[in-house]
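> Protein chains in written order, with the numbering used here: chain D, 1 to 288; chain R, 1001 to 1278.
Structure provided below as structure tokens; questions to follow.
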Amino acid sequence: MAATPLKNRHVLGWLMALPLSVVLLAFLIAPIVMIAIVSFWGATEFSIYPAFQFDNYEFLFGSPVTYKVFGATLKYALITWALTLAIGFTVAYFLAFHVRSLTMQIALFLVCTIPFWTSNIIRMISWIPFLGRNGIANQTLISWGVIDEPLEWLLYSDFSVILAFVHLYTLFMVVPIFNTMMRIDKSLLEAARDNGANGFQTLVHVILPLTKPGIMIGTIFVVTLVMGDFITVRFMSGSQRANVGRLISNDIALLQYPSAAATAVVLLCTVLIVIAILLRFVNIRKEL
Amino acid sequence: MEKRPRSFYVLAAFFGLFVLFLYGPILTIGILSFQGPKGGLTFPMNGVSTHWFRDLFQEQAVGDIWGAFRRSFGLGLMVMVTTVVVSVMAGLAFRKRFWGSGALFYAAITSLVIPSILISLGVGLIFNQLGLKVHWATSGFGSQLTWTLPFGLLIMFAVFNRFDQSYEEAARDQGASTWQTIRFVVLPIIAPSLIGVALFGFTLSYDEFARTLLTAGSYNTLPLEIFGMTTNVTTPVIYALGTLTTIFSFAIIGLFLLTVWVMGKRRARLGSDAGKGV
């Protein structure tokens, strides 16, 4: 008797998880396997052919461009991470501990999250009138007398790329950090104050350690989104900067699928290693 | 009410700047889309007109925008319904801690963190090698699910982590079958969260770019169409389109939030008869 409900639990579980499993198998696992296979294939100018050769990887690891581009990708990820964390933490801290009514908290939180449900492409386009050579930023700075000539590095530069990343992805930090902060027991803060801690000490010694899981989840989102990006870098740099995603998309545009696949495999491994390290610090399922 | 510390005002100012940073650019193109017929992509305004909006509504002006919009809308609805149904089923399944659920969970997380272009490339390659045609409703649909389902699943985890199981036990004690318990007890309780899942499903699909890039086939979705425009359109017509589709997004978000709010009100009114002497 005891074995039947146990078996039922597994069978029922799989039955209900079946649609999810099928989708992930067909559109996640199979594509990854396919990319891994094709990364060993060969390519002519017009077509690709099955093979088992290491040419694509040899070329990839033999080219100095690869290392430069991976370096640039990590640089974007690191700078964006630092900025989104600083801004996201501050915003979440304000919402969680300085806004007093729950209704107001929810309203302001929604204000922060609504852009997430709108188009990234449009949000990138919307920086053009701001940053362009004759854009608002330059016009304002000139009229204030801060600069004489328009700044050229505002648009189509590392600056605009990182600005767009921060603009697009800061809410991926705000949401999980706010979520963990809201679950901090307020009596802990009172205890800290009763023991003589000032606001800053409470922040550093009580709130910050308790917020770590949220920070980790936000970090996972921001780092993977930036590392896997190709469109923001292409659009905001006017095709003048490169990251790994662009390396892949350029190969795709030239129909060099095996070479694109090899780069994709290396990128995926890099991302998964980073995630594996970050997951050591947080149990996602418990933190939701 | 105790007096607010000085840090409150500093942080409030910071928050204000952040909101300005979030919404400023989109407001800017909202204003610029009303440029006069001779106006350019930046200030100053060269007159005020609805010229560029009219341009959009004229056929053939800039590609097949309305076709792209219809496709994106239809695809958004397909993804939304699928995301809600599949996420709820998976959410219920994970509560059973069945054998292999850990692996499935990590697959879902991988789906979330994998660079989008890999999905695009991999699905494109598979369809290519199988001799199938990529189409937004098949390969595009599946590719977008790899982005919306993990979000749906994570929301379901958050929901069931907070779910009081004694409601289910009570239902079972009164003789409800498993299906009846889900249909009449669990689903009504989690309904507002399902609206949230639907919101994610629709909007993430409607705006998805990278995962549809190589999987939409010859008929573009709206984000692909807009991106195509950025390379060859140099008039404010692109701002007009951006403004319209953003307004559409806001309307959709508003509709979903309103539904949740109305549901909450209704529940507060009808939910409990405690103390009413029934």
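All residues carry an ideal CB built from backbone N, CA and C; glycine is no exception.
On a CA-only basis, which of F1227(R), L1154(R), F1163(R) is nearest I122(D)? Give me that one, please.
As a position in the first sequence, residue 122(D) is number 122, starting the count at 1. Nearest of F1227(R), L1154(R), F1163(R) to I122(D), Cα basis: F1227(R).
> Mind listing the chain D neighbours of G1140(R)? Cutoff is C-beta to C-beta under 7 Å, in chain order.
For the purposes of this step, residue 1140(R) is identified with residue 140 of the second sequence, where counting begins at 1. What G1140(R) touches in chain D: nothing, since even the nearest Cβ is about 10 Å away.
> Looking at the C-beta of F281(D), does it have a partner C-beta in chain R at a distance below 8 Å?
Your numbering for residue 281(D) matches position 281 in the first sequence. Cβ-Cβ to chain R under 8 Å: no for F281(D).
> Got a sec? Which residues, its chain only, sit under 8 Å from V38(D) by beta carbon, not counting five neighbours each side?
For the purposes of this step, residue 38(D) is taken as residue 38 along the first sequence, with counting starting at 1. Once the five neighbours on either side are set aside, the close Cβ partners of V38(D) are I48, Y257, P258, A261.
> Roughly how many angstroms separate the alpha carbons of L1204(R) and W117(D), rounded to a whole number?
What you label residue 1204(R) is simply residue 204 of the second sequence in a count that begins at 1. What you label residue 117(D) is simply residue 117 of the first sequence in a count that begins at 1. Their backbone Cα atoms lie some 6 Å apart in a straight line.
> Would you please verify whether the beta carbon of F165(D) is less than 8 Å from any beta carbon of chain R?
Start at 1 with the first residue of the first sequence, and residue 165(D) comes out as number 165. It does not: the Cβ of F165(D) has no partner Cβ on chain R nearer than 8 Å.
> Using CA coordinates, which residue listed in F1248(R), W1261(R), L1214(R) is at the minimum distance from D251(D)?
Residue 251(D) sits at position 251 when you count from the first residue of the first sequence. Checking every option, the nearest Cα to that of D251(D) belongs to L1214(R).
> Report the three-state DSSP secondary structure of I77(D) (helix, strand or coil).
The residue labelled residue 77(D) in the question sits at position 77 within the first sequence. Reading the sequence as shown, one finds Ala at residue 77(D) and not Ile. Here A77(D) sits in helix by DSSP.
> Is there a C-beta anywhere in chain R that falls below 8 Å from the one on V266(D)?
Here residue 266(D) refers to the residue found at position 266 of the first sequence. So, not an interface residue.
> Just curious, the alpha helix (DSSP H) that N1046(R) is in, first and last residue?
Working through the second sequence from its first residue, we reach residue 1046(R) at position 46. Careful: N1046(R) lies outside any alpha helix (DSSP H) and carries neither H nor E.
> Once the 5 residues before and after W153(D) are set aside, which same chain residues still bring their CB inside 7 Å of it?
In the first sequence, residue 153(D) corresponds to position 153, counting from 1. Hits under 7 Å: F159.
> Using only the alpha-carbon positions, how far apart do L208(D) and Q201(D) sit?
As a first step, residue 208(D) is located in the first sequence; it is residue number 208 there, counting from the start. As a first step, residue 201(D) is located in the first sequence; it is residue number 201 there, counting from the start. Going by the C-alpha atoms only, they are around 10 Å apart.
> Quick one: Cα of T1221(R) to Cα of G1140(R), how far?
Sequence index remark: in the second sequence, residue 1221(R) carries index 221 (1-based). Sequence index remark: in the second sequence, residue 1140(R) carries index 140 (1-based). For T1221(R) and G1140(R), the distance between alpha carbons rounds to 9 Å.
> Using a beta-carbon distance below 8 Å, is A2(D) in contact with chain R?
By one-based count along the first sequence, residue 2(D) stands at place 2. Since pLDDT at A2(D) reaches only 46, below the 50 mark, its modelled position is unreliable, and the value read off the structure follows with that caveat. Chain R, which has no Cβ nearer than 8 Å to the Cβ of A2(D), makes this no.
> Use the C-beta contact count for N283(D): other C-beta atoms within 10 angstroms, 16 or more gives buried, fewer gives exposed.
The residue you call residue 283(D) lines up with position 283 of the first sequence. N283(D) is exposed by the Cβ-count criterion.
> Using DSSP's beta-bridge definition, name the partner residues of Y49(D).
Translated into the one-based positions of the first sequence, residue 49(D) becomes position 49. The partner list for Y49(D) (beta bridge, DSSP) reads G42(D).
> With distances taken between CB atoms, is the gap from G1201(R) to M1080(R) smaller than 8 Å?
By 1-based counting over the second sequence, the position of residue 1201(R) is 201. By 1-based counting over the second sequence, the position of residue 1080(R) is 80. Yes, these two residues count as a Cβ contact at 8 Å.
> What separation, rounded to the nearest whole angstrom, lies between the Cα atoms of Q1129(R) and A36(D)?
On the second sequence, residue 1129(R) is found 129 positions in, with the first residue counted as 1. On the first sequence, residue 36(D) is found 36 positions in, with the first residue counted as 1. Taking the straight line joining both Cα atoms gives about 14 Å.
> Which value, in whole angstroms, describes the spacing of the CA atoms of G135(D) and T1235(R)?
As a working note, residue 135(D) is residue 135 in the first sequence. As a working note, residue 1235(R) is residue 235 in the second sequence. Using only the alpha carbons, I get a separation of about 15 Å.
> Given the structure, does H1051(R) come close to the ligand FAD, in the sense that its CB is under 7 Å from one of the ligand's heavy atoms?
Within the structure as shown, the ligand FAD is missing, as the structure has no ligands at all.
> So, under 8 Å CB-CB, T1083(R) and L1149(R) are touching, yes? Tell me the CB distance rounded to an integer number of Å.
Numbered from its first residue, the second sequence carries residue 1083(R) at position 83. Numbered from its first residue, the second sequence carries residue 1149(R) at position 149. 6 Å between Cβ atoms; contact.
> How would you list, in chain order, the residues of chain D whose beta-carbon sits under 9 Å from the beta-carbon of D1173(R)?
Within the second sequence, residue 1173(R) is the residue found at index 173, counting from 1. Within chain D, no residue comes near D1173(R); the closest Cβ sits about 18 Å away, beyond 9 Å.
> With distance defined between alpha-carbon atoms, name the residue in L255(D), S157(D), K212(D) nearest to A72(D).
Numbered from 1 along the first sequence, position 72 holds the residue referred to as residue 72(D). The shortest Cα separation from A72(D) among L255(D), S157(D), K212(D) belongs to S157(D).
> Going by beta-carbon coordinates alone, are G88(D) and T170(D) separated by less than 8 Å?
For this step, residue 88(D) is matched to residue 88 along the first sequence. For this step, residue 170(D) is matched to residue 170 along the first sequence. Going by C-beta atoms, G88(D) is nearer than 8 Å to T170(D).
> Any idea which residues DSSP pairs Q1035(R) with across the strands?
Taking the second sequence and counting its residues from 1, the one referred to as residue 1035(R) is at position 35. BP columns for Q1035(R) point to V1048(R).
> Residues of chain R with a CB under 9 Å from the CB of P150(D): which are they?
The residue you call residue 150(D) lines up with position 150 of the first sequence. Neighbours of P150(D) on chain R: none; closest Cβ ~11 Å, over 9 Å.
> Which residues in chain D have a C-beta closer than 7 Å to the C-beta of K1096(R)? List them in chain order.
Within the second sequence, numbered from 1, the residue matching residue 1096(R) stands at position 96. Under the 7 Å cutoff, chain D gives R9, L12, G13.
> Buried or exposed: which applies to F97(D), given that a residue is buried once 16 or more other Cβ atoms fall within 10 Å of its Cβ?
Residue mapping note: residue 97(D) aligns to position 97 of the first sequence, counting from 1. With 16 or more other Cβ atoms within 10 Å, it is buried.
> For M1(D), name the three-state secondary structure that DSSP assigns.
Within the first sequence, the letter at position 1 stands for residue 1(D). Caution is warranted here: a pLDDT of 42 is assigned to M1(D), below 50, making its placement in the model unreliable, and the coordinate value is therefore given only provisionally. Three-state DSSP puts M1(D) in coil, outside helix and strand.
> Throw me the rounded Cβ distance for the H10(D) and F1098(R) pair, which I believe falls under 8 Å.
Here the question's residue 10(D) lines up with position 10 in the first sequence. Here the question's residue 1098(R) lines up with position 98 in the second sequence. Right, their Cβ atoms sit about 5 Å apart.
> So, for A1108(R): in the same chain, excluding its five sequence neighbours on each side, which residues have a beta-carbon less than 6 Å away from its beta-carbon?
Counted from its first residue, the second sequence places residue 1108(R) at position 108. So the qualifying residues of the chain are P1150, L1153.
> For the alpha helix (DSSP H) that contains Y156(D), what are its first and last residues?
One-based indexing of the first sequence puts residue 156(D) at position 156. Careful: Y156(D) lies outside any alpha helix (DSSP H) and carries neither H nor E.
> Which residue marks the beginning of the alpha helix (DSSP H) containing R234(D), and which one marks its end?
Residue mapping note: residue 234(D) aligns to position 234 of the first sequence, counting from 1. Where R234(D) is concerned, the enclosing alpha helix (DSSP H) stretches over 231–236.
> Using 8 Å for Cβ pairs, my map puts I1126(R) next to A30(D). What's the rounded Cβ distance?
To locate residue 1126(R), count along the second sequence from 1; it is residue 126. To locate residue 30(D), count along the first sequence from 1; it is residue 30. Rounded, the Cβ-Cβ distance is 6 Å, consistent with contact.
> Going along chain R in order, which residues have a C-beta closer than 9 Å to the C-beta of I252(D)?
By 1-based counting over the first sequence, the position of residue 252(D) is 252. I1117, S1120, L1121, G1124, L1213, L1214, listed in chain order.
> Would you call the segment 1235–1250 of chain R and the segment 1154–1169 of chain R in contact, with 3 or more CB pairs under 8 Å?
Segments in contact, no.
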